[in-house]
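Here is the structure we will look at, set down as structure tokens.
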Amino acid sequence: MAAIAVTSLLVLSACGGGDDAAGAGGGEQTLNIVGFAVPEEANNAIYETFKETDAGADAAGEPEGSYGASGDQSRAVEGGLEADYVHFSIEPDVTRLVESGQVAEDWKDNETDGIVSRSVVVFVVEEGNPLGIETWDDLLQDDVEIITPNPGSSGAAKWNILAAYGQAIAGGASEDEAKQYLTDFVGNVAALPGSGRDATTAFKDGTGNVLISYENEAILARQSGEAFDYVVPDTTLLIENPGAILEDADPIAQSWLDFVLSEEGQTEFVKKGFRSVIDDLEIPEVEGANDPADPFPAPGTLLTVGEAFGGWSEANAFFDEEDGFVTEILQESGKAE
Amino acid sequence: MTASVAGLGGRSMRMRRSVAGGGLSLASGVGLGTALLWFSLLVLLPLSAVVARATTGGWGGFWETLTNPSTAAALRLTIGMAFVVTLVNAVMGTLIAWVLVRDHFWGKRALEVLIDLPFALPTIVAGLVLLQVYGPKGPTPIDVANTRTSVFLAFLFVTLPFVVRTVQPVLLEIDRDVEEAAASLGASRITTFRRVILPSLTPAIASGAALSFARAISEYGSLVLLSGNLPLRTEVTSVRILTYIEGGRNGNAAVVATVLLAVALFVIVLLDIIQRRVTRRG
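Going line by line, the protein sequences match chains A and B. Residues 9 to 345 in the numbering used here are what the first sequence spells out, letter by letter. Residues 40 to 321 in the numbering used here are what the second sequence spells out, letter by letter.
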């Protein structure tokens with residue numbers, strides 16, 4: 009597909025007779041971006057800037073973008089969907105492509121360990137926070153009805169469950185106590201929608217009263233006019249979305265990844281509510297944030313999957329269909345009713 | 040759509056006719072070849088792949104999958120609800136078809152068009168609409184969000200047109216003279232319906248019911264927003280399949296899919312038998 013597109017563009021530019029390829033949209037290399045649903049707008053905005061730079065001079069006018077549920081997109085690339093660059097919600101979706109030989113083993117060997125965008129787990133609450141939800145323990149109140157996406161069918165939903173479990177451990181709980189916290193937490197869950205976006209939709213239409221979500225998702229929803237508040241808990245989990253280029257990608261893909269990780273690239277993510285992978289990035293005003301002038305308050309304790317759980321292969325085992333404790337807790341909650 | 044669905048109603052009759060025919064002419068040979076190739080590429084090949092994938096784990100794989108409490112509960116919920124919905128559809132669908140064919144009222148044409156809407160609406164939109172109307176913030180006092188009733192409701196919504204659209208054309212074809220003859224011979228309206236009309240409608244009702252059952256057990260989009268996907272309570276089979284795929288357990292996913300296929304096949308055959316019985320008795 010890309011080969012055909014490139015060939016036809018070559019023919020076109022040959023006919024044009026030595027036009028300068030550096031003009032806007034005059035490049036001939038098509039970048040196929042495959043990603044999870046959320047960063048589409050940010051990626052498109054970054055691309056607009058990218059093709060004005062020297063490194064992006066050969067880039068075609070528009071990227072070929074495909075966005076959807078992270079796991080589905082990863083499986084699609086494994087199954088043959090054309091991709092030069094992938095941007096997923098969780099690391100195991102890139103690991104799948106490493107195992108299939110499509111992404112280099114050393115994809116994490118860069119300054120950001122393969123991460124291209126960040127966020128944190130937050131509580132989305134009704135306007136004015138009528139239940140006064142501030143901490144993870146507040147979620148165990150009797151009148152709380154939690155909405156969080158289904159960690160079985162949505163890979164991205166695992167961030168929320170890991171945050172709930174990890175914060176208990178970070179607060180000094182033993183593993184058993186943390187599992188007990190998770191059991192109580194799940195006991196208050198009113199719905200487990202299929203994806204993060206479904207969860208937001210269900211919440212907007214009145215299901216539950218606390219939505220466990222990602223800061224960027226909350227900010228994006230508020231940017232598009234939704235009237236709800238969000239709370240960044242004092243202890244929370246850092247969401248790290250990986251990005252990688254494929255082994256047989258067009259040469260432009262590496263320049264693209266470098267640009268995504270540059271200050272200009274990261275600024276576009278920040279505008280859409282993501283946290284930057286560059287710690288000292290100058291943060292512009294972010295509409296939709298609780299405080300647009302200081303959009304990303306630092307939580308007291310910020311957990312990472314690497315430090316709190318020893319990485320994704322360990323964390324993923326919690327969710328195993330046969331013997332993962334999260335799966336067991338979810339099943340037990342069903343029996344309790 | 041209507042024509043092809045209606046065609047299924049006469050399925051058994053046509054099959055008998057083709058078996059009775061001897062050799063094939065060139066034209067019908069090419070026709071049959073094309074049909075078989077088409078059917079194989081679109082249906083047989085993908086379905087065999089699913090079944091083949093499911094059996095790689097052997098009986099152990101089946102056992103492991105089907106004894107998983109969430110999967111077993113999801114299968115029970117999905118198949119049970121699909122049965123109930125199919126029964127409701129057989130009655131309500133026939134009633135709606137009857138009203139559309141036999142009664143004349145203002146807005147009939149509009150209703151006729153609206154019946155097909157559940158077919159045309161992307162299921163996720165259907166789910167969103169159901170949530171907004173029958174969810175916690177809906178204008179109705181009915182709130183079925185995150186309950187099993189929501190699964191029932193979503194199934195009903197997406198399967199409504201099947202029986203209506205299979206029964207309607209058959210009802211249009213029925214000669215009213217026969218009914219009048221029955222009446223003149225002293226049959227009550229109920230007897231006429233039971234002995235004269237119902238036997239001619241049964242094949243159409245049965246194929247509509249089979250379609251609506253098969254559609255219901257595989258439903259996903261229209262209920263994910265409303266049902267809440269709660270394990271052992273409101274989680275349906277398609278969500279279980281997704282969960283297995285997301286967890287990299289394609290074998291288990293194929294097992295569940297194969298069970299659904301087997302159940303669908305069983306129900307289609309069962310309905311065919313019932314349909315033959317009723318038709319013969321009439």
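C-beta: ideal position from N, C-alpha, C; glycine also.
Chain B contact residues for residue i, given Cβ-Cβ distances below 7 Å
i: D145/A; result: Residues of chain B passing the Cβ test: none, with the nearest at roughly 23 Å.
i: G79/A; result: E285
i: D206/A; result: V263, L264
Per-residue burial, residue i [other beta carbons within 10 Å of its own, 16 or more giving buried]
i: F305/B; result: exposed
i: L126/B; result: exposed
i: H143/B; result: exposed
i: A306/A; result: exposed
i: L150/B; result: exposed
i: S263/A; result: buried
i: R288/B; result: buried
i: V197/B; result: buried
i: A68/A; result: buried
i: W144/A; result: buried
i: E135/A; result: exposed
i: E276/A; result: buried
i: L86/B; result: exposed
i: F78/B; result: exposed
i: W98/B; result: exposed
i: Q274/A; result: buried
i: A160/A; result: Per the sequence presented here, residue 160/A reads as Gly, with Ala not at that position. G160/A is buried by the Cβ-count criterion.
i: L105/A; result: buried
i: G180/A; result: exposed
i: V334/A; result: buried
i: W320/A; result: buried
i: P250/A; result: buried
Coarse secondary structure for residue i, derived from DSSP in three states
i: G332/A; result: coil
i: V3/A; result: A question about residue 3/A goes unanswered here, because the residues of chain A that appear run from 9 up to 345.
i: I253/A; result: strand
i: D237/A; result: strand
i: G76/A; result: strand
i: N40/A; result: strand
i: S232/A; result: coil
i: T318/B; result: helix
i: L245/A; result: strand
i: V111/A; result: coil
i: L265/A; result: helix
i: V202/B; result: helix
i: A67/A; result: strand
i: L170/B; result: helix
i: V94/A; result: strand
i: L411/A; result: No answer is possible for residue 411/A: it lies beyond the span of chain A, which begins at 9 and ends at 345.
i: L63/B; result: coil
Per-residue contacts from residue i into chain A (C-beta, under 8 Å)
i: T179/B; result: Those within 8 Å of T179/B in chain A number zero; the least Cβ separation is about 13 Å.
i: T282/B; result: N158, G160, S161, E329
i: V278/B; result: N158, G160, S161, G202
i: A91/B; result: Neighbours of A91/B on chain A: none; closest Cβ ~17 Å, over 8 Å.
i: N291/B; result: E329
Listed by chain order, chain A residues near residue i by CB distance under 7 Å
i: K176/B; result: D213, G214
i: L271/B; result: Q339, G342, K343
i: R288/B; result: E329
i: S109/B; result: Q339
Contact belief for residue i with residue j at Cβ below 8 Å, rounded distance in angstroms
i: L264/B; j: G166/B; result: 4 Å
i: A136/B; j: Q207/B; result: 4 Å
i: H95/A; j: F44/A; result: 7 Å
i: T156/A; j: A207/A; result: 6 Å
i: L116/B; j: V275/B; result: 6 Å
i: V285/A; j: L269/A; result: 7 Å
i: N185/B; j: S261/B; result: In fact, because the Cβ distance is near 15 Å, the residues do not count as touching under 8 Å.
Residue i: contacting residues in chain A (beta-carbon distance under 9 Å)
i: P85/B; result: Per Cβ cutoff of 9 Å: no residues; P85/B is ~14 Å from chain A at best.
i: S189/B; result: Going along chain A, no residue has its Cβ under 9 Å from S189/B, so there is no contact; the nearest lies around 10 Å.
i: S261/B; result: Going along chain A, no residue has its Cβ under 9 Å from S261/B, so there is no contact; the nearest lies around 12 Å.
i: S257/B; result: Within chain A, no residue comes near S257/B; the closest Cβ sits about 15 Å away, beyond 9 Å.
i: P161/B; result: Here the premise fails: no neighbours, minimum Cβ distance about 14 Å.
Within chain B, partners of residue i - CB distance below 8 Å
i: T209/A; result: L167, L170, L264
9 Å Cβ cut-off: residues of chain B touching residue i
i: A198/A; result: A184, N185, G267, L269
- Task: Let me know the beta strand (DSSP E) ranges lying completely inside the segment 114-186 of chain A, each 3 residues or longer, listed in chain order.
- Result: 123-134
- Task: Would you list, in sequence order, the uninterrupted alpha helix (DSSP H) runs of no fewer than 4 residues that lie entirely inside the segment 114-156 of chain B?
- Result: 147-153
- Item | Inside the segment 184-226 of chain A only - alpha helix (DSSP H) runs reaching at least 4 residues | 204-212
- Query: Residue ranges of each alpha helix (DSSP H) run of no fewer than 4 residues wholly in the segment 270-308 of chain A, ordered along the chain?
  - Reply: 271-279
- Message: List, from N- to C-terminal side, the beta strand (DSSP E) runs of 3 residues or more that fit wholly inside the segment 223-258 of chain B.
- Response: none
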